[in-house]
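S.K.: First the structure, then my questions, so here it is.
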Amino acid sequence: MRPRPFTLAQSTATILALGWSDFVLKYRGSILGYFWALINPLVKFGVILYIFGPYVSPSIPQYPLYLFLGIIIWEHFANTTTGCMNMLFEKSQIIKHLSLPKIILILSVGWTNLLIFVTHIMIFLLFAWVRGAYLSLSSLALVIIAVQMTLLALGIGMMLASYTLKYRDLPHLWTVITQFLFWLTPVMYAYKTTSPALARLASFGHGLMDASPVGAIRLFIELQPLAIVINDARRFTLYAASSAPSLIHIAGVSMVCTVMFLAGTAVFQRRSPFFPQEY
Amino acid sequence: MRPAINVTGISKIYHERVVPLDCLQDRLLRWRRHRKVMVIRALQHVSLSVAPGEWLGLYGPNGSGKSTLLKIIAGLLRADGGSVEVHGTLSSFFELGIGFHPELHAYENVRLHALLQGFRTHELPDITRRIVDFSGLGEHAALPLKCYSTGMRLRLAFAAASQIDADIYLFDEVFAVGDAAFREQCLAFFDGLRKAGKTVILVSHALDGLQRFCNRILFLEHGKIVREERR
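Residue numbers (this note's numbering), protein chains in the order written: chain A, 15 to 293; chain B, 1190 to 1420.
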């Protein structure tokens, strides 16, 4: 039997096997095992709920669920983007010595983190059931949210990973940026918008925007894709079915996430042949 | 006859700053040294051709460009100039047991290794069983790799490498490790490849090993072929 060039089917099989193996290996040998994947979001959840909850929760119905859902989506994004960069060091032997398409390795990072995210979603649904929250059929749309967020995180992760070996400051810089981004994403506070995202974007040309720095930050919080995806997840699960996002909105957000993913793929494919000599 | 490998005018230059540019702290502390860029001409217009079934040896001191040349032929590095043509399936070995994880047992490691080498999913059960059987690990195959002795790891890695069938093989000093018994196993493996008429490029520091197997040895120095020995 002899190896042959990677086809789409072969690449998919390798991504699934490698991602699953990394998922299993991540916790193998540790006493708490998979629970380590839960502890980080749970600690963050507990701290925010205890410290900020009293100030924010009166204005947000089902605040513990609102917060938990925001945190697990945020964690998925943060872990996937940093995982893409770390992969270059964890799998350096493979990158340096095997001539397989490098994109397989980075997509397996997305798959590993998607598996963890799916387990977090299960826990969220269990949490919601225990708290007696009404979950309609639109909660199934969390599948769309998982795909959107994975595409978005992989797109940004691939762009970052493309230059990580060349500019070794990038992982450190990204750690700092994510600190800012966490506070600029309505994970723990209420997402407020005056009109649909497309209408807000259209108002750029009509002089309706607040040009002050605070106005710019507000606009960023309102329109950045992370905030929109997290808000959509809440609209699907926590609020009445009538408040679920429209099809046009879902298609628009999915398109933005797909464009980010394709842009990340293009940059990564262009840069990856240079990785072996950048170590 | 069409050559199995045809390399034409390959060049590779590395530009390395004396202190890496990407470290701001080093930039500030050693700013004078940043002006110094070392130009390493790893390969300078190297051309060679390997006929089907031929065994070519690459010999030279450290830094002569042997591994760079092999990596360019394997498609792992991009040349700055020149071209490489490969006719046939190619398998390269720069290290044994790439992708092996200490927490996985033999079957899991071999399965992943085979996937990374491009084997199809339906071929995995058979190839995995063959590799583990060939390694002779017996009951130890169910243990994680971290429980193996160095010799056992080497045997498994060698078994994984030796079960890959290709037209062209590239070896970069991978078998210069292990004890006498392991080296005997490697020599028997090479004899098998010779009998099967495979095309091979061998990189080694051991000239006697190359002389034993190769039809032709190229001597490299400072990125150039300086001598050729036919046998």
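Note that CB positions come from ideal geometry on N, CA and C, so glycine has one too.
With respect to the beta strand (DSSP E) encompassing B/Asp1354, which residues constitute its N-terminal and C-terminal limits?
M.R.: Walking along the second sequence from the start, residue 1354 of chain B turns up at place 165. B/Asp1354 -> no beta strand (DSSP E), and no H or E assigned at all.
S.K.: On a CA-only basis, which of A/Phe194, A/Gly171 and A/Phe196 is nearest A/Leu184? Give me that one, please.
M.R.: Numbered from its first residue, the first sequence carries residue 184 of chain A at position 170. Nearest option by C-alpha distance: A/Gly171.
S.K.: List the whole-angstrom C-beta distance separating A/Tyr293 from A/Leu179, where the pair is believed to meet the contact cut-off of C-beta under 8 angstroms.
M.R.: Against the first sequence, residue 293 of chain A aligns to sequence position 279. Against the first sequence, residue 179 of chain A aligns to sequence position 165. Contact flag correct, Cβ pair sits at about 7 angstroms.
S.K.: Considering only DSSP beta bridges, list what B/His1204 is partnered with.
M.R.: Here residue 1204 of chain B refers to the residue found at position 15 of the second sequence. Note: B/His1204 sits in a beta bridge opposite B/Val1228.
S.K.: In the DSSP output, what is B/His1234 paired with across the bridge?
M.R.: Here residue 1234 of chain B is taken as the residue at index 45 of the second sequence, counted from 1. B/His1234 pairs with nothing; no bridge assigned.
S.K.: Please identify the residue among A/Phe37, A/Thr199 and A/Asn245 whose C-alpha is closest to the C-alpha of A/Thr94.
M.R.: Position 80 of the first sequence, counted from the start, is the residue given in the question as residue 94 of chain A. Of the candidates A/Phe37, A/Thr199 and A/Asn245, the one whose C-alpha sits nearest the C-alpha of A/Thr94 is A/Phe37.
S.K.: DSSP state of B/Lys1260, grouped into three classes?
M.R.: Translated into positions along the second sequence, residue 1260 of chain B becomes position 71. Helix at B/Lys1260.
S.K.: When you compare only the Cα positions, how much space is there between A/Ile109 and A/Gly47?
M.R.: As a first step, residue 109 of chain A is located in the first sequence; it is residue number 95 there, counting from the start. As a first step, residue 47 of chain A is located in the first sequence; it is residue number 33 there, counting from the start. Near 28 angstroms, if we compare the C-alpha coordinates of A/Gly47 and A/Ile109.
S.K.: Could you check where the beta strand (DSSP E) with B/Gly1506 kicks off and where it finishes?
M.R.: Here chain B has residues from 1190 to 1420 only, and residue 1506 of chain B is not among them.
S.K.: When the distance is taken between beta carbons, is B/Phe1402 closer than 8 angstroms to B/Phe1379?
M.R.: Taking the first residue of the second sequence as 1, we reach residue 1379 of chain B at position 190. Taking the first residue of the second sequence as 1, we reach residue 1402 of chain B at position 213. Yes, these two residues count as a Cβ contact at 8 angstroms.
S.K.: Write down every uninterrupted run of the beta strand (DSSP E) in the segment 31 to 102 of chain A whose length is 3 residues or greater and which is fully enclosed by it, in chain order.
M.R.: With a minimum length of 3 residues, no continuous beta strand (DSSP E) run stays inside the segment 31 to 102 of chain A.
S.K.: In angstroms with no decimal places, state the Cα-to-Cα distance between A/Arg42 and A/Ser35.
M.R.: Here the question's residue 42 of chain A lines up with position 28 in the first sequence. Here the question's residue 35 of chain A lines up with position 21 in the first sequence. Distance between the alpha carbons of A/Arg42 and A/Ser35: 10 angstroms.
S.K.: Output the distance between the C-alpha atoms of B/His1234 and B/Ile1414, rounded to the nearest integer angstrom.
M.R.: Along the second sequence, read from residue 1 onward, the residue named residue 1234 of chain B stands at position 45. Along the second sequence, read from residue 1 onward, the residue named residue 1414 of chain B stands at position 225. Those two C-alpha atoms are separated by around 9 angstroms.
S.K.: Which bits of chain A does B/Gly1159 rub up against, with CB to CB less than 8 angstroms?
M.R.: With chain B running from 1190 to 1420 in the structure shown, residue 1159 of chain B is simply not present.
S.K.: If we ignore side chains and look at the alpha-carbon of each, how far apart do B/Gly1198 and B/Ser1236 end up?
M.R.: Here residue 1198 of chain B refers to the residue found at position 9 of the second sequence. Here residue 1236 of chain B refers to the residue found at position 47 of the second sequence. Roughly 5 angstroms separates the two Cα atoms.
S.K.: Given a limit of 8 angstroms on CB to CB distance, which residues of the segment 1283 to 1299 of chain B reach chain A?
M.R.: So the close ones are Phe1283, Glu1284, Ile1287, Gly1288, His1290, Glu1292, Leu1293 and Glu1297.
S.K.: Determine, using beta carbons only, whether B/Ile1264 comes closer than 8 angstroms to chain A.
M.R.: Translated into the one-based positions of the second sequence, residue 1264 of chain B becomes position 75. Inspection of the sequence shows that residue 1264 of chain B is occupied by Gly rather than by Ile. Taking Cβ atoms only, chain A reaches closer than 8 angstroms to B/Gly1264, which makes this a yes.
S.K.: Nearest-angstrom Cα distance between A/Val57 and A/Phe196?
M.R.: Residue numbering aside, residue 57 of chain A sits at position 43 when the first sequence is read from its first letter. Residue numbering aside, residue 196 of chain A sits at position 182 when the first sequence is read from its first letter. Whole-angstrom Cα-Cα distance: 15 angstroms.
S.K.: Report yes if the C-beta distance between B/Ser1200 and B/Gly1264 is below 8 angstroms; otherwise report no.
M.R.: Working through the second sequence from its first residue, we reach residue 1200 of chain B at position 11. Working through the second sequence from its first residue, we reach residue 1264 of chain B at position 75. Contact: no.
S.K.: In chain B, which residues lie with their C-beta within 7 angstroms of the C-beta of A/Phe20?
M.R.: Against the first sequence, residue 20 of chain A aligns to sequence position 6. Near A/Phe20 (Cβ distances below 7 angstroms), the residues of chain B are Gly1307.
S.K.: State the CB to CB distance for the pair A/Phe131 and A/Ile86, rounded to an integer number of angstroms; the pair is presumed to be in contact (CB under 8 angstroms).
M.R.: Position 117 of the first sequence, counted from the start, is the residue given in the question as residue 131 of chain A. Position 72 of the first sequence, counted from the start, is the residue given in the question as residue 86 of chain A. Indeed they touch by this definition, with Cβ atoms about 7 angstroms apart.
S.K.: Return helix, strand or coil for A/Ser256, following the three-state DSSP convention.
M.R.: Against the first sequence, residue 256 of chain A aligns to sequence position 242. A/Ser256: helix per DSSP, three-state reduction.
S.K.: I want to know whether the segment 1404 to 1412 of chain B touches the segment 1253 to 1267 of chain B - three or more CB-CB distances under 8 angstroms.
M.R.: Segments in contact, yes.
S.K.: Using only CA atoms, which one of A/Val70, A/Phe289, A/Asn245 and A/Leu30 lies nearest to A/Ser260?
M.R.: Position 246 of the first sequence, counting from 1, holds the residue named residue 260 of chain A. The shortest C-alpha separation from A/Ser260 is found at A/Asn245.
S.K.: Just to check my reading of the structure: A/Pro287 and B/Arg1267 have Cβ atoms closer than 8 angstroms, yes? What is that Cβ distance to the nearest angstrom?
M.R.: Taking the first residue of the first sequence as position 1, residue 287 of chain A is located at position 273. Taking the first residue of the second sequence as position 1, residue 1267 of chain B is located at position 78. Confirmed, Cβ separation roughly 5 angstroms.
S.K.: Looking only at C-alpha atoms, which of A/Pro68, A/Met274 and A/Lys40 sits nearest to A/Thr164?
M.R.: Translated into the one-based positions of the first sequence, residue 164 of chain A becomes position 150. Nearest option by C-alpha distance: A/Met274.
S.K.: Thinking C-beta only, is B/Ile1357 closer than 8 angstroms to B/Thr1388?
M.R.: Numbered from its first residue, the second sequence carries residue 1388 of chain B at position 199. Numbered from its first residue, the second sequence carries residue 1357 of chain B at position 168. Taking 8 angstroms as the Cβ cut-off, B/Thr1388 and B/Ile1357 qualify as a contacting pair.
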